[in-house]
Each structure stands twice: as C-alpha cells, then as structure tokens.
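For reference, the structure is listed below as structure tokens.
Residue numbers (the working numbering): 589 to 921.
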C-alpha cells in the first residue's frame with residue numbers, strides 16, 4: 589500500500605491474521621515478523637497447535653483465508669518493490685505464485701464465495717488501482733482506471749461488488765463502490781474530511797471512518813450512499829471498523845491519549861462499550877466466525893501479540909508469546 593497517508597489501514601494490517609471455521613473448529617492464520625523475515629503461520633483458535641506455512645529469507649504478510657479455510661493467499665514482499673501474491677494450502681503444501689507483474693501488490697481480500705481475490709496493484713503513490721484475480725491466478729482484471737490511488741477493497745456479502753477508498757485529487761480519501769466486473773462505479777461520500785476504512789456488513793450496510801482534525805467518527809450508510817448515520821464521535825483517531833457475523837455490532841480501536849483501546853457499539857449507535865483499559869496499544873479487532881470472541885493485537889514490552897476477548901471485554905486470552913511481532917489483520921469464515 590503506497591504512501592504514509594495510509595495510517596489507518598497500516599495500523600490494521602500490521603502483520604496479518606485470518607481465522608476460518610472448519611469441521612466445527614477455528615484456525616487462525618497469522619504473520620510472525622522476526623528481525624530479518626516474516627512468515628505465515630497457523631494455529632487453533634485457542635492458540636494451540638502452531639505451525640509455520642512459509643519459510644526462507646522473505647517477508648510474507650497479509651494472509652487471507654478462503655471461506656472454507658483450506659487455503660491462504662498472502663503477499664510476498666520483494667527487494668525490488670514488486671510484491672506478489674502467493675497461495676498456500678493450510679497444511680503448508682502447494683505453495684503457488686499467483687501474480688507476475690511489474691506492479692507492487694498488496695492487501696488481498698478473498699471473496700465471500702472463494703472464487704475471486706481483490707487486491708491493490710500499482711508502481712508508486714498515485715497509481716494504485718483495485719484489481720481482481722481468480723484464486724488460481726487466472727482471469728486478472730483491473731476494476732479501476734485513473735491517476736490517483738484506489739485502496740482497501742472490501743467485498744459485498746454477495747461477492748458482486750466491492751467498496752474501496754479513492755484518494756480524490758491525490759489526498760482526499762472518499763468511499764466508492766464498483767462491480768466485480770468493473771462496471772457500476774459510484775461515489776458514496778463527498779466530504780472535506782477523510783473517509784476511509786470501508787467495511788461491508790452482513791446485512792448490506794457499509795460502515796466507515798470519517799477523520800477530522802478534531803477527531804474520528806464512525807458512520808453507517810446504505811450501499812447506494814443514502815441514509816448516512818453517525819454512530820460514534822471521538823476526540824481521537826478511530827481505526828477501521830469490524831462487523832460482527834450477525835451484523836448487529838461493530839468493533840473498532842480508538843486512540844488519542846497515547847495508547848489505543850478497543851470498543852464495541854451496536855449498529856444502531858447504542859450500547860457503546862469499552863473492552864480494554866490499560867497503557868498499551870490494543871488494535872485491529874476481528875470477530876470470531878460465531879461472534880463469541882474478538883481477536884486483537886496488543887503491543888507491549890516491545891512486541892505485538894495476538895489476544896482474544898469476549899465482546900463484553902471479559903475473559904481475555906493471550907494466544908502468542910515471544911520476541912517476534914504477531915498482529916491481527918483479517919478474520920474470515
């Protein structure tokens with residue numbers, strides 16, 4: 589993802605975690621970043637049975653799991669800046685390179701039905717576009733064509749459309765939608781504030797963050813841009829929202845006093861609840877497939893680790909320990 593203006597997304601995608609339900613259990617795929625390389629790992633939803641899927645003197649980041657949990661797609665960072673997408677089976681076999689281009693590629697998002705993957709591709713700031721490819725590496729097509737950055741693709745529940753952020757004029761992020769075939773481009777927001785972090789919920793509504801110098805706000809709208817409603821206002825910054833599986837609640841991180849804390853609010857704007865309260869950073873909330881727990885990243889003692897909590901903030905559990913940086917970025921069924 590190009591440019592320092594991507595702060596909210598960069599926070600959410602610090603290392604990469606995804607969770608998938610299979611045979612009644614959950615599997616977490618995450619990125620463990622050491623001093624010289626980063627690799628994709630998997631573990632059970634309770635933190636047990638950890639296994640590394642990738643190896644070598646490389647940086648593998650941003651894993652996203654297929655809906656069935658049998659495969660992961662991730663970004664392999666190259667020294668020449670031409671980051672590429674790779675696929676690997678959940679048992680560590682079948683490593684396959686999916687893209688070969690002169691572009692840097694980032695932030696893959698697997699479609700709800702598993703056949704397609706959306707991502708960002710570009711050469712430099714001002715050239716990133718939203719691209720879709722088959723999960724087997726075929727059928728690459730570019731969905732956007734312009735001279736500014738398009739970033740953060742988020743699939744609709746149907747898999748037929750995507751929401752994304754367009755940096756209008758190069759520095760004014762706004763929310764757009766486009767069809768998975770590249771048709772039906774539509775602008776949903778128009779504000780002097782920064783609109784980013786679009787998340788398409790299970791019931792069809794889109795949540796996003798509006799950032800102003802005075803603080804951040806969590807908003808909700810229909811996918812045609814109507815019925816906009818502000819749910820939360822804060823004096824500090826807000827991180828990208830994450831929908832609960834049933835579409836009734838949203839989790840997000842907020843900061844402004846030196847550290848970041850987690851919150852949950854109902855989709856009607858009521859029952860705002862603070863989940864964490866400490867002097868360390870808690871970011872990147874992600875709901876479990878059944879909605880019973882939320883995974884998040886906690887930065888303490890010089891490293892990130894993956895934790896989980898109940899949606900009411902109780903029963904916190906640390907899943908990773910060590911000097912490496914392990915952080916959350918996505919959670920999918």
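From the three backbone atoms N, C-alpha and C, an ideal C-beta is built for every residue, glycine too.
1) Keeping to the same chain, check which residues put their C-beta closer than 6 Å to that of residue 907; ignore five residues upstream and five downstream.
2) For residue 537, count neighbouring C-beta atoms within 10 Å of its own C-beta (all shown protein chains included) and say buried if the count is 16 or more, exposed if not.
3) The beta strand (DSSP E) with residue 886 in it runs from where to where?
4) Between which two residues does the beta strand (DSSP E) carrying residue 790 extend?
5) Between 690, 865, 677 and 737, which has its C-alpha nearest residue 572's C-alpha?
6) How is residue 615 classed by DSSP in three states: helix, strand or coil?
7) Taking the CB atoms as reference points, tell me whether residue 630 and residue 642 lie closer together than 8 Å.
8) In angstroms, rounded to a whole number, what distance separates the CA positions of residue 700 and residue 790?
9) Applying the 10 Å Cβ sphere with the 16-neighbour rule, what's the burial state of residue 669?
10) Please classify residue 754 as buried or exposed, where buried requires at least 16 other C-beta atoms within 10 Å of its C-beta.
11) Have a look at the DSSP bridge pairing and note the partners of residue 753.
12) What are the uninterrupted segments assigned as beta strand (DSSP E) that are 3 or more residues long and contained completely in the stretch 705-738, given in chain order?
13) Would residue 864 and residue 901 be called neighbours here (beta carbons separated by less than 8 Å)?
14) Whose C-alpha, out of 899, 839, 845 and 874, is nearest the C-alpha of residue 857?
15) Quickly, what does DSSP pair residue 874 with across the bridge? List them, please.
16) By the DSSP assignment, the beta strand (DSSP E) with residue 652 in it spans what residues?
17) Looking at the structure shown, is residue 684 part of a helix, part of a strand, or coil, going by DSSP?
18) Is the CB-CB distance between residue 726 and residue 678 below 8 Å?
19) Could you tell me which of 832, 914 and 815 sits nearest to residue 877, measuring between CA atoms?
20) Just to confirm the assignment, what range does the beta strand (DSSP E) spanning residue 868 have?
21) Go through its chain and collect everything with a Cβ distance to residue 659's Cβ below 8 Å, but skip five positions before and after it.
22) Put residue 899 into one of helix, strand or coil per three-state DSSP.
23) On the DSSP bridge assignment, give the partners of residue 758 in chain order.
24) Report the rounded CA-to-CA distance for residue 807 versus residue 796, giving the unit in angstroms.
25) Out of 866, 645, 620 and 766, which has the shortest C-alpha to C-alpha gap to residue 718?
26) What does residue 892 pair with, by DSSP beta-bridge criteria?
27) Would you report the Cα separation of residue 845 and residue 866, rounded to the nearest angstrom?
28) Decide if residue 741 is buried, meaning its Cβ has at least 16 other Cβ atoms within 10 Å, or exposed.
Quick look at the numbers:
1) Closer than 6 Å at Cβ, skipping near neighbours: 635 and 894.
2) With the chain covering only 589 through 921, there is no way to say anything about residue 537.
3) Element bounds for residue 886: 882-888.
4) No beta strand (DSSP E) contains residue 790, which DSSP labels as neither H nor E.
5) One cannot answer for residue 572 here, as it falls past the ends of the chain, which runs 589 to 921.
6) Here residue 615 sits in strand by DSSP.
7) Not a contact, by the Cβ cut-off of 8 Å.
8) If you take the alpha carbons of residue 700 and residue 790, they lie about 11 Å apart.
9) It is exposed - the Cβ of residue 669 has fewer than 16 other Cβ atoms within 10 Å.
10) Residue burial is scored here from C-beta neighbours: residue 754 has at least 16 other C-beta atoms within 10 angstroms and is therefore classed as buried.
11) Under DSSP, residue 753 takes part in a beta bridge, and its partners are 739 and 763.
12) Qualifying beta strand (DSSP E) stretches, in chain order: 717-722.
13) With contacts defined by Cβ atoms closer than 8 Å, residue 864 and residue 901 form a contacting pair.
14) Checked all of 899, 839, 845 and 874; the closest Cα to residue 857 is 839.
15) Answer is 883, bridged to residue 874.
16) Run containing residue 652: 647-653, per the beta strand (DSSP E) assignment.
17) The answer is strand: DSSP assigns residue 684 an E or B state.
18) No. Outside cutoff.
19) Nearest option by C-alpha distance: 832.
20) Looking at the DSSP string, residue 868 is not in any beta strand (DSSP E), and its letter there is neither H nor E.
21) Answer for residue 659: 653, 675, 676, 677, 678, 682 and 723, listed in chain order.
22) DSSP, read as helix, strand or coil, puts residue 899 in coil.
23) DSSP lists no partner for residue 758.
24) Rounded to the nearest angstrom, the two C-alpha atoms are 5 Å apart.
25) Closest option to residue 718, Cα to Cα, is 766.
26) In the DSSP secondary-structure assignment, residue 892 is bridged to 887.
27) Whole-angstrom Cα-Cα distance: 11 Å.
28) With 16 or more Cβ atoms within 10 Å of its Cβ, residue 741 is classed as buried.
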